[in-house]
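Student:
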Amino acid sequence: MDDLLVAVGATQDRQAFQVLFEYFAPRMKSFLQGKGTSSELAEEAVQEAMLNVWRKAAQFDPQKASSSTWIFAIARNTRIDLLRKSNRPALDPNDPALVPDPPKAAFDTVAAAEETDRIRERVAALPAEQQEVLRLAFFEELPHAEVARRLDIPLGTVKSRIRLALRRIRSEIGDIT
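Numbering (this note's numbering), first residue to last: 660 to 836.
(1) Taking the alpha helix (DSSP H) that S726 belongs to, which residues open and close that run?
(2) Would you kindly work out how many angstroms separate the C-alpha atoms of T836 and S745, rounded to a whole number?
(3) Can you name, in chain order, every residue of its own chain whose Cβ lies under 7 Å from the Cβ of S698, other than the five neighbours on each side?
(4) Report the three-state DSSP secondary structure of T836 (helix, strand or coil).
(5) Do D672 and S726 count as a contact pair if the criterion is CB distance below 8 Å?
(6) Just verifying my parser: in three-state terms, what is the DSSP assignment at D811?
(7) Thinking just about the alpha-carbon of each residue, which of P721, A704, M709 is nearest to the one in V678?
(8) Count the other C-beta atoms from every protein chain shown that fall within 10 angstroms of the C-beta of Q722, then say buried if there are 16 or more, exposed otherwise.
(9) Using a 10 Å radius around the Cβ and a threshold of 16 neighbouring Cβ atoms, would you call F797 buried or exposed?
(10) Quick one, are the C-beta atoms of Q789 and L823 less than 8 Å apart?
(11) Under 8 Å between the Cβ atoms of I832 and I778?
(12) Any heavy atom of the ligand FMN inside 7 Å of the beta-carbon of W713?
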């Protein structure tokens, strides 16, 4: 049988594969049913496994294992894959996590844009050193220690400038999230 599998791998020999199929298919089905697999699932697993044998025959190495060991390993793995697939829970179309968010109302979009503009105006009115610290910390998302290193100032100064800038913006336009 090893020679037949090598022939299938080397030349895609259909007659050799036919012999392999006729020999191994009923044995694989019995093997899988012996593992507790239903007749229908065993039949499906055999079909999938033999398709994989056809596709992967060139990878067979008779020095590492016999053809039957190699083919039955493919059958066992195919059975496991099919069992995993059949045990996946079905998606519930009514699950709130799968329902897309409703589109934002035009009013909400305009209000958010206006709030962003107000924040930008307030940031632009801050002293330059506070603007720079906010830009690095919030827009470039750098850790405070990295901001301190880049600006060559103490970490405490970075934190103070951020706190003062946010306090000033909050006092002028309200709480920022």
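Where is the CB? At the ideal position from N, CA and C, for every residue including glycine.
Tutor: Looking at the atomic coordinates:
(1) 726-745
(2) With a pLDDT of only 48 at T836, under 50, the local geometry of the prediction cannot be trusted, and the value read off the model is given with reservation. Distance between the alpha carbons of T836 and S745 is about 45 Å.
(3) Q692
(4) Note on T836: pLDDT 48, under 50, position unreliable in the model; no value is reported.
(5) no
(6) coil
(7) M709
(8) exposed
(9) exposed
(10) yes
(11) yes
(12) As far as ligands go, the structure on display features none, and thus does not contain the ligand FMN.
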